[in-house]
Amino acid sequence: MVLPLAAAAARRRVGGAISSQVQRRAMGGGPAKEWEGIDKVVRGVFPGDHQLAVAIMGGYAGLYLVVKMGSAMGGKKEEEKPVVASSGADAGAGIPAIGTPEFDKFLDTEAFVKLLDSEEQLTKALAE
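In our numbering, each residue carries its 1-based index in the sequence shown increased by 12.
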């Protein structure tokens with residue numbers, strides 16, 4: 013019976029000693045940082061991290077708007093487009109232009125079936 017009481021008393025004494033030696037922190041950030049160079053100038057205007065972040069994002073947004081407005085006011089330059097033959101027909105293979113009545117008739121002929129069977133003619137017709 014004496015042993016449990018002595019152990020409990022010893023725990024109380026040690027527990028009090030430990031808790032008084034622990035440093036207590038109350039969410040402190042420590043001393044303020046010493047800024048040098050350009051950081052010192054910028055931090056003089058925007059002391060908080062959140063203020064600096066908003067300033068940087070605002071700078072990017074402003075730059076984006078200036079570029080967009082400049083391109084909208086400048087207009088687009090007209091580029092010459094290369095002229096492409098709109099017939100879509102291969103004169104050597106005798107394939108009529110797509111969208112013409114001759115092409116519909118060509119699909120029903122034996123020449124169309126031969127074109128599909130011959131890989132050489134098909135690749136030539138697709139390449140041109």
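Cβ atoms here follow ideal geometry from the backbone N, Cα and C, with glycine treated the same way. Quantities reported herein were computed from a predicted structural model and do not represent experimental measurements.
Residue i (DSSP reduced to helix, strand or coil)
| i | result |
| --- | --- |
| I110 | coil |
| Q35 | coil |
| K126 | helix |
| A44 | coil |
| K93 | coil |
| F58 | coil |
| T121 | coil |
| G49 | coil |
| M85 | helix |
| M13 | coil |
Rounded straight-line distance, which links the Cα of residue j to that of residue i
| i | j | result |
| --- | --- | --- |
| T121 | E92 | 40 Å |
| M69 | F115 | 59 Å |
| A18 | R24 | 10 Å |
| S83 | L75 | 12 Å |
| S98 | S130 | Here the model assigns S98 a pLDDT of 47, short of 50, so the residue's position is not dependable, and the following value carries that caveat. Using only the alpha carbons, I get a separation of about 25 Å. |
| R36 | G42 | 13 Å |
| Y72 | V66 | 10 Å |
| K45 | V57 | 15 Å |
| P59 | L77 | 26 Å |
| M39 | L15 | 42 Å |
| E132 | K126 | 11 Å |
Identity of the residue in the options nearest residue i by Cα
| i | options | result |
| --- | --- | --- |
| I107 | L138, V54, E48, H62 | L138 |
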